[in-house]
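J.: Using this note's numbering, read the sequence shown as starting at 483 and increasing by one per residue.
Don't be surprised by glycine CBs; every beta carbon is placed ideally from N, CA and C.
This structure is in structure tokens; I'll ask about it shortly.
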Amino acid sequence: MPPKNYKQAYQRERIARQEAERLLTEKTRELYDNVVLLEGTLHELKRSQTKLIHAEKMSALTGMVVGIAHELNTPLGISVTSLSLLREQFTVLEKKFTDQTITPGDLARFLEVSGDCIKMTSDNIERSVSLVNKLKQVDKKMSIEQPSNINLKVLLEDSVTLLTAILSEKAIEVNVHCDDSLELWVPKMSLQYVIEELINNCALHAFQSHGNKNNYTITIKVQVIDHHTEIIIEDNGVGISPDDLNKVFQPFYTTLRSRGGTGLGMYMVYNICTRKLAGGVNVKSEVGKGTQITLMIGQEADH
483 MPPKNYKQAY QRERIARQEA ERLLTEKTRE LYDNVVLLEG TLHELKRSQT
533 KLIHAEKMSA LTGMVVGIAH ELNTPLGISV TSLSLLREQF TVLEKKFTDQ
583 TITPGDLARF LEVSGDCIKM TSDNIERSVS LVNKLKQVDK KMSIEQPSNI
633 NLKVLLEDSV TLLTAILSEK AIEVNVHCDD SLELWVPKMS LQYVIEELIN
683 NCALHAFQSH GNKNNYTITI KVQVIDHHTE IIIEDNGVGI SPDDLNKVFQ
733 PFYTTLRSRG GTGLGMYMVY NICTRKLAGG VNVKSEVGKG TQITLMIGQE
783 ADH
């Protein structure tokens, strides 16, 4: 090779190596920052898990401990595995860089693997954070709000209005039957949360594929018996199997986990009804015919 061509080739190689070193340094700094951030988040999540396991305020504590441990350990385990793989790949690349044997292919493979690891870790940490926040809502909704005088029919109709989007998506008709003048002394937001959760639950679970297609209906009826008020929510959906019916109020039990369900909705409904609304809740259902949920609310619910 003539000296001139040799110098040009050497110059191109030197520039390429400098660019690769610059890119590697930049990506290394970015990856290190992400690893530090993710490890800090993992540590915080583990602390939250420990606190939740020892939260004696929760009823059904044993079931909650098992559920929390399972629900948090799965995403945290995936995150730890991803970070371990990232560290391993980083160590290999760092050695090649030090030995000056790194190639563009090595860098490309590292960037691909590290990108996948970071995404997997971030997704699972977000899942854990979402679960922790959901658990915090259970106690928050039962401890802060004070009772006030509310018009029940207005509250029911407002709840239906707030869920217009999901109801319209499945063409679900909601009928409310309640005395215009019926008033209750209850924590308003707690009761509204329960009503909205139950209607939303019907929309998600009850109306899938069944014989009443295009005739989906939710009926809400109210009756006053002695010293308590009953709110009955009925649907003409697919119904609930006997096995699932026995587990409907268990924390973390869900048939929609693959679609992001946490299994905390009905658990929260039960706790709010019994501890905040001075009442209770029960469910009756028959497969293929629909489900009936009855809320019993004390006239002066304040704890």
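Below 8 Å between beta carbons: does that hold for L666 and I754?
T.: Taking the sequence shown and counting its residues from 1, one reaches residue 666 at position 184. Taking the sequence shown and counting its residues from 1, one reaches residue 754 at position 272. Cβ distance not < 8 Å, so L666 and I754 don't count as in contact.
J.: Between the beta-carbon of E627 and the beta-carbon of S672, is there less than 8 Å?
T.: For the purposes of this step, residue 627 is taken as the residue at position 145 of the sequence shown. For the purposes of this step, residue 672 is taken as the residue at position 190 of the sequence shown. Contact: yes.
J.: For K635, which residues from the same chain have a beta carbon less than 6 Å from its beta carbon, with the 5 sequence-adjacent residues on both sides left out?
T.: Reading the sequence shown from its first residue, position 153 is the one you call residue 635. The answer, listed in chain order, is C660, D662.
J.: When the Cα atoms are used, what is the spatial distance from D470 to L519?
T.: Residue 470 lies beyond the residue range present for the chain, which begins at 483 and ends at 785; the question has no answer from this structure.
J.: If you follow the alpha helix (DSSP H) that E683 is in, where does it begin and where does it stop?
T.: Within the sequence shown, the letter at position 201 stands for residue 683. It is Asn, not Glu, that sits at residue 683 in the sequence shown. From DSSP, the alpha helix (DSSP H) with N683 extends over 670-683.
J.: Going by Cα to Cα distance, which pick from Y752, N697, V656 is closest to V676?
T.: The count along the sequence shown starts at 1 and reaches residue 676 at position 194. The shortest C-alpha separation from V676 is found at Y752.
J.: Going by the DSSP bridge assignment, what does T773 pair with across the sheet?
T.: For the purposes of this step, residue 773 is identified with residue 291 of the sequence shown, where counting begins at 1. In DSSP, T773 forms a bridge with D717, S767.
J.: Using DSSP with H/G/I as helix, E/B as strand and the rest coil, what is L666?
T.: In the sequence shown, the residue the question calls residue 666 occupies position 184. L666: strand per DSSP, three-state reduction.
J.: Three-state secondary structure (DSSP) at N657?
T.: The sequence position of residue 657 within the sequence shown is 175, counting from 1. Note: N657 maps to strand in three-state DSSP.
J.: Check the C-beta distance from A590 over to L649 and give it rounded, since I have them as a contact under 8 Å.
T.: In the sequence shown, the residue the question calls residue 590 occupies position 108. In the sequence shown, the residue the question calls residue 649 occupies position 167. That belief does not hold up - the Cβ atoms of A590 and L649 are roughly 49 Å apart, past 8 Å.
J.: For P629 and L593, what's the separation of their Cα atoms in angstroms?
T.: Looking up residue 629 in the sequence shown gives position 147. Looking up residue 593 in the sequence shown gives position 111. Each residue's alpha carbon lies about 56 Å from the other.
J.: Could you give the distance in angstroms between the alpha-carbon of H692 and the alpha-carbon of Q705?
T.: Counted from its first residue, the sequence shown places residue 692 at position 210. Counted from its first residue, the sequence shown places residue 705 at position 223. Since pLDDT at H692 reaches only 49, below the 50 mark, its modelled position is unreliable, and the value read off the structure follows with that caveat. Between H692 and Q705, the C-alpha separation is close to 30 Å.
J.: Where L664 and I632 are concerned, what is the direct C-alpha to C-alpha distance, given to the nearest angstrom?
T.: Along the sequence shown, one-based indexing puts residue 664 at 182. Along the sequence shown, one-based indexing puts residue 632 at 150. The straight-line gap from Cα to Cα measures roughly 9 Å.
J.: In its own chain, which residues sit with a C-beta less than 8 Å from the C-beta of L644, not counting the 5 before and 5 after it?
T.: Taking the first residue of the sequence shown as position 1, residue 644 is located at position 162. So the qualifying residues of the chain are E678.
J.: Following the continuous beta strand (DSSP E) through V706, name the residue where it begins and the one where it ends.
T.: Here residue 706 refers to the residue found at position 224 of the sequence shown. Unbroken beta strand (DSSP E) run through V706: 699-707.
J.: Among all the DSSP beta bridges, which residues are the ones paired with E712?
T.: Along the sequence shown, one-based indexing puts residue 712 at 230. Paired residues: Q705, M778.
J.: Assuming contact is defined by CB atoms lying nearer than 8 Å, are S596 and L568 in contact in what I supplied?
T.: The residue labelled residue 596 in the question sits at position 114 within the sequence shown. The residue labelled residue 568 in the question sits at position 86 within the sequence shown. Yes; because the gap between Cβ atoms is below 8 Å, this pair is in contact.
J.: Would you list the residues sitting across from G762 in a DSSP beta bridge?
T.: Taking the first residue of the sequence shown as position 1, residue 762 is located at position 280. Answer is M778, bridged to G762.
J.: What's the gap between the Cα of I700 and the Cα of Q674?
T.: The count along the sequence shown starts at 1 and reaches residue 700 at position 218. The count along the sequence shown starts at 1 and reaches residue 674 at position 192. One C-alpha to the other measures close to 17 Å.
J.: Helix, strand or coil for N555, going by three-state DSSP, please let me know.
T.: If you number the sequence shown from 1, residue 555 lands on position 73. Helix.
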